[in-house]
Amino acid sequence: MKILVCISNVPDTTAKINFTPDNKEFVSAGVTFILNPYDEIALSKAVDLAAGGGNVTVINVGDASTEPTIRKALAIGANDAVRINAPARDSFFVATQIAEYVKKNPVDMILCGRESADHNGSTVPVMIAELLGIPCVLFAKSLLLEANTATLDCEIEGGKQVVNVPLPFVAGASEGMAEWKIPNMRGIMSARTKPLSVIDPVDVAVHTRHHSFDKPATRSAVKMVSADAVEQLFELIRDEKKVI
Amino acid sequence: MSVLVYAENLQGKFKKSAFEIVSFGAAIAHEKNLPLTVLSIGQVAEEELLRLATYGAVKIMKVEGEAFHALSDQTVATAIAQAAAADAAQYVAMTASFSGKAIAPRVAIKLKAGLADNVIDLPKMSDGFVVKKNAYSGKAYAYCEVLSDVKVISMLPNSYKLVEDQKQAAIVPFSPVLGAADTSVTIRETIRSADKVSLPEAELVVSAGRGMKGPENWGMIEELADVLGAATACSKPVSDAGWRPHSEHVGQTGIAISPNLYIAVGISGAIQHLAGVSSSKVIVVINKDPEAPFFKAADYGIVGDAFEVVPRLINAAKNFKAGQN
Ligand SMILES: Cc1cc2nc3c(=O)[nH]c(=O)nc-3n(C[C@H](O)[C@H](O)[C@H](O)COP(=O)(O)OP(=O)(O)OC[C@H]3O[C@@H](n4cnc5c(N)ncnc54)[C@H](O)[C@@H]3O)c2cc1C
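These protein sequence lines map, in sequence, to chains A and B. Counting along the first sequence from 1, when you hit position 118 you're at 117 in numbering that gives the first Met the number 0, and nothing is skipped either side. Counting along the second sequence from 1, when you hit position 59 you're at 58 in numbering that gives the first Met the number 0, and nothing is skipped either side.
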């Protein structure tokens, strides 16, 4: 069983987000980067699935600054890692790099987080699947493997769906698929010496260009309503905000 | 050439988000001086299909038949891409629902088009095509330019208003050709709670956190939601503890929502929670601790014990609703 887990390096969930004065770029100084929480779920699942004799490779598209996050993934239990040496330009770029890698190094399963904490797109797993012509189950809450098919539970509008897919496939892990694993001392020690290969990117057509960032307008000061005077709350909201 | 919108139906009915994306497509069509085609997949009655013309569709492509009863993402993506090619669509738009998110990236690749995913507003079209999206889990917006000739756009629900623009529309059957890869997923079971308002699309949301003490106390949260016609949501520790299903968990690692009104009961307002709800238009916070950080991110705040305040709010909501009728 060969499993590939796609990981991204994202600002810590408590990080304050700041941009350069022209709003063109994210300021990473002073920001701690972490393994994307959903990718961590995917990785934990992969490590569980491979426990009976399999190999888990983590792959990241990024420059050398992502290596601490890659080492963290190795400490959690991946066997080896690949870094495609290029900044993650957009999701099509990232997905193409990973799909090209898989064409040369076939796997049984590709696990991703269902979205990343920076772009929140959920696009990379789907694009990888489309580029490889295989199924993708996004928002997957559980994954059960039997011979050459997998059964997954996934979230849909107002409910859930149970699907069967043949191997290989891509899944986007949601909460519930696995428990987060905390690396132990042995994992951390062995992560230092596990293989991490760095490979060059392939050329990819440019379809989108990042323009700028902006922050949501701050809310006006909160209006306190006494707990004894809530009878008119909805009328107040209707009259003042016209949203209901 | 055209603007092609995919209008998703749920058991033969279009939801509000379908009319939102049709309105959005109509605005692009108007700006670019192109006709608006709307694609529908699956069994939908003619009367329901014609509702799409209320929001500006001049042509309705309908795909029906056995292969389109239980829809996998790959089947839908292939149908959309073929319809877009047949209609020479320059702009292809759909809702970024759970299934839309799994479809739009496939359509973009099939059409060799750039993808603008999860947009939250009408693109700026005066100079290029620049879309606005959420970034950093609701802490920022990103503007992104789509450079390709054909553009695929997915829009989050509740991001664009309904705009009526009645047209005479022709209904045209369309038959996509499916390949083996389009049908490799077998849908074994679909479970939906039909009577519940779906969270990502809900206009009103009542949400509760650890302050509710235990799952046995959710009756009043559900009642308040019921009276208002709102969806229910919760904080992460609540779903982690199994008090509520994961599908209700909002925040950075849960669902991101942008309802008109978000009522938070017994939720402290941690940064990861705020990330998923801060684009709500109006936020009401009920917390017994006047220092709770959520008050800083709220429009209305009530300091008090949820067990006393929520029953009063249920009454207030009943009176409000009665006054509206
Ligand atoms: C990587 C990561 C991701 C995370 N993602 C999310 C996420 O997506 N969503 C999310 O919600 N959290 C997330 N969290 C957790 C987050 O940090 C908080 O721990 C969580 O939001 C707190 O939930 P809470 O407000 O329900 O509970 P608490 O923080 O325990 O707050 C309970 C609140 O209830 C109030 N209260 C108690 N009793 C009453 C009463 N009788 N009446 C009224 N008020 C009362 C208290 O004053 C308190 O403010 C994440 C954390 C991490 C590390």
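Every residue, glycine too, gets a C-beta built ideally from N, C-alpha and C. These numbers were taken from a predicted model, which means no experiment stands behind them.
Between the alpha carbons of residue i and residue j, how many angstroms are there, rounded?
{"i": "PRO156(B)", "j": "ILE285(B)", "result": "26 Å"}
{"i": "ASN22(A)", "j": "SER174(B)", "result": "46 Å"}
{"i": "GLU30(B)", "j": "SER39(B)", "result": "23 Å"}
{"i": "PRO124(A)", "j": "ILE301(B)", "result": "42 Å"}
{"i": "VAL37(B)", "j": "GLU63(B)", "result": "14 Å"}
{"i": "ARG185(A)", "j": "ASP72(B)", "result": "42 Å"}
{"i": "LYS320(B)", "j": "LEU312(B)", "result": "12 Å"}
{"i": "GLU247(B)", "j": "LEU198(B)", "result": "7 Å"}
{"i": "ALA41(A)", "j": "VAL237(B)", "result": "22 Å"}
{"i": "LYS132(B)", "j": "GLY52(A)", "result": "42 Å"}
{"i": "VAL197(A)", "j": "ALA77(A)", "result": "16 Å"}
{"i": "ALA240(B)", "j": "LYS61(B)", "result": "45 Å"}
{"i": "VAL184(B)", "j": "ALA80(B)", "result": "19 Å"}
{"i": "VAL332(B)", "j": "PRO214(B)", "result": "Given a span of 0 to 324 for chain B in the structure shown, any question on residue 332(B) remains unanswerable."}
{"i": "VAL75(B)", "j": "GLN165(B)", "result": "27 Å"}
{"i": "ASP152(A)", "j": "LEU273(B)", "result": "27 Å"}
{"i": "ILE16(A)", "j": "VAL136(A)", "result": "31 Å"}
{"i": "ARG191(B)", "j": "VAL162(A)", "result": "15 Å"}
{"i": "ILE33(A)", "j": "MET223(A)", "result": "37 Å"}
{"i": "ALA207(B)", "j": "HIS245(B)", "result": "13 Å"}
{"i": "ILE170(B)", "j": "LYS111(B)", "result": "28 Å"}
{"i": "VAL176(B)", "j": "ALA78(B)", "result": "8 Å"}
To which residues of the same chain is residue i closer than 7 Å at the C-beta, ignoring the five residues directly before and after it?
{"i": "LYS44(A)", "result": "LEU110, LEU142, ALA172, MET176, ALA177"}
{"i": "MET126(A)", "result": "SER90, PHE91, ALA94"}
{"i": "LEU114(B)", "result": "ALA103, PRO104, ALA107, VAL151"}
{"i": "GLY303(B)", "result": "ILE285, LYS287"}
{"i": "VAL145(B)", "result": "GLY113, ALA115, PHE128, VAL130"}
{"i": "GLU114(A)", "result": "TYR37, GLY120, SER121"}
Within 7 Å (strictly less), CB to CB, does residue i reach chain A?
{"i": "HIS245(B)", "result": "yes"}
{"i": "ARG50(B)", "result": "no"}
{"i": "GLN271(B)", "result": "yes"}
{"i": "GLU221(B)", "result": "no"}
{"i": "SER16(B)", "result": "no"}
{"i": "PHE319(B)", "result": "yes"}
{"i": "TYR140(B)", "result": "yes"}
{"i": "TYR5(B)", "result": "no"}
{"i": "GLU47(B)", "result": "no"}
{"i": "GLY303(B)", "result": "yes"}
Taking only beta-carbon positions, decide if residue i is within less than 7 Å of chain B.
{"i": "ASP11(A)", "result": "no"}
{"i": "ARG208(A)", "result": "yes"}
{"i": "LYS214(A)", "result": "yes"}
{"i": "LYS119(A)", "result": "Note on identity: in this sequence residue 119(A) is Asn, with Lys being the wrong assignment. With 7 Å as the cut-off, ASN119(A) counts as an interface residue toward chain B."}
{"i": "MET176(A)", "result": "no"}
{"i": "VAL101(A)", "result": "no"}
{"i": "MET126(A)", "result": "yes"}
{"i": "SER27(A)", "result": "no"}
{"i": "MET223(A)", "result": "yes"}
{"i": "LEU137(A)", "result": "yes"}
{"i": "GLU24(A)", "result": "no"}
In three-state DSSP terms, what is residue i?
{"i": "PHE306(B)", "result": "helix"}
{"i": "PHE18(A)", "result": "strand"}
{"i": "PHE32(A)", "result": "strand"}
{"i": "THR12(A)", "result": "coil"}
{"i": "ILE119(B)", "result": "coil"}
{"i": "MET154(B)", "result": "strand"}
{"i": "TYR37(A)", "result": "helix"}
{"i": "ASN318(B)", "result": "helix"}
{"i": "THR94(B)", "result": "strand"}
{"i": "GLN42(B)", "result": "coil"}
{"i": "LYS12(B)", "result": "strand"}
{"i": "GLU234(A)", "result": "helix"}
{"i": "GLN167(B)", "result": "coil"}
{"i": "ASP86(B)", "result": "coil"}
{"i": "THR217(A)", "result": "coil"}
{"i": "PRO165(A)", "result": "strand"}
Residues in the same chain with beta-carbon distance under 8 Å from residue i, minus the five sequence neighbours each way, listed in chain order, please.
{"i": "LEU121(B)", "result": "PHE23, ALA26, ILE27, TYR159"}
For residue i, which residues in the same chain have their Cβ closer than 6 Å to its Cβ, ignoring the five residues on either side in sequence?
{"i": "ARG70(A)", "result": "ALA190"}
{"i": "MET0(B)", "result": "LEU33, ALA87, GLN89"}
{"i": "PHE294(B)", "result": "VAL284, GLY300"}
{"i": "ALA229(B)", "result": "LEU203, VAL204, VAL205"}
{"i": "THR65(A)", "result": "ASN8, ASN59"}
{"i": "ALA69(B)", "result": "ILE186"}
Under 6 Å from any heavy atom of ligand 3, does the C-beta of residue i make it?
{"i": "GLU156(A)", "result": "Ligands displayed in this structure: ligand 1; ligand 3 is not among them."}
- Query: Quick one, what's near ligand 1 if you take every residue whose CB is closer than 5 Å to any heavy atom, in chain order?
  - Reply: Environment of ligand 1, chain-ordered: THR12(A), PRO36(A), GLY208(B), ARG209(B), GLY210(B), SER234(B), LYS235(B), PRO236(B), GLY250(B), GLN251(B), THR252(B), GLY253(B), GLY265(B), ILE266(B), SER267(B), ALA269(B), GLN271(B), HIS272(B), ASN286(B), LYS287(B), ASP288(B), ALA291(B), ASP304(B), ALA305(B), taking every residue with Cβ within less than 5 Å of a heavy atom.
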